[in-house]
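What follows is a short report on a single structure.
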Amino acid sequence: MPSFEKITLSLPAHWICPVLYGDTTGLDEKEERAFSRWLDDTIEHVGHGQLPLIGKITDSTYFARYHDAAEYGVLACDCYDVEMLVPTLTKEMTDA
């Protein structure tokens, strides 16, 4: 049975629909590129090659200058704390 660890990321509120449903139609071209880069990096570095599972999302937003999308060019904005469940890295995964 796989085991998971929880991580919490501060993500822009306007990214919640793409995070939950993969629907980027509400994003402009620049925002879509930023989201796509973030998703690729998250799958590779956080999810160890797998899409992390979404856990709890906070009920309310808060304004944040420093959040987990800032390095992708997203400026200060309203954010949600999003809990992600990522597979715990096992010896078998590192040997593959």
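Counting with my numbering, you get residues 5 to 100 for the letters of the sequence shown. The C-beta atom is built at its ideal place from N, Cα and C for all residues, glycine as well.
*Under the rule that 16 or more other beta-carbon atoms within 10 Å means buried, what is Glu35, buried or exposed?*
Counting the other CB atoms within 10 Å of its CB gives Glu35 a total of 16 or more, which places it among the buried residues.
*asked:* Which residue wins for smallest C-alpha separation from Cys83, given the options Gly59, Glu75, Tyr70?
replied: Nearest of Gly59, Glu75, Tyr70 to Cys83, Cα basis: Tyr70.
*Whole-number beta carbon distance between Glu87 and Gly59, since they are thought to touch under 8 Å*: The pair is a contact, with the Cβ atoms about 4 Å apart (cut-off 8 Å).
_At the level of alpha carbons, what is the spacing between Thr28 and Gly77?_
So the two alpha carbons sit approximately 17 Å from each other.
_Taking the alpha carbon of Asp72 as the reference point, which residue from Gly53, Pro6, Leu24, Leu43 has its own alpha carbon closest?_
Relative to Asp72, the option among Gly53, Pro6, Leu24, Leu43 whose CA is nearest is Leu43.
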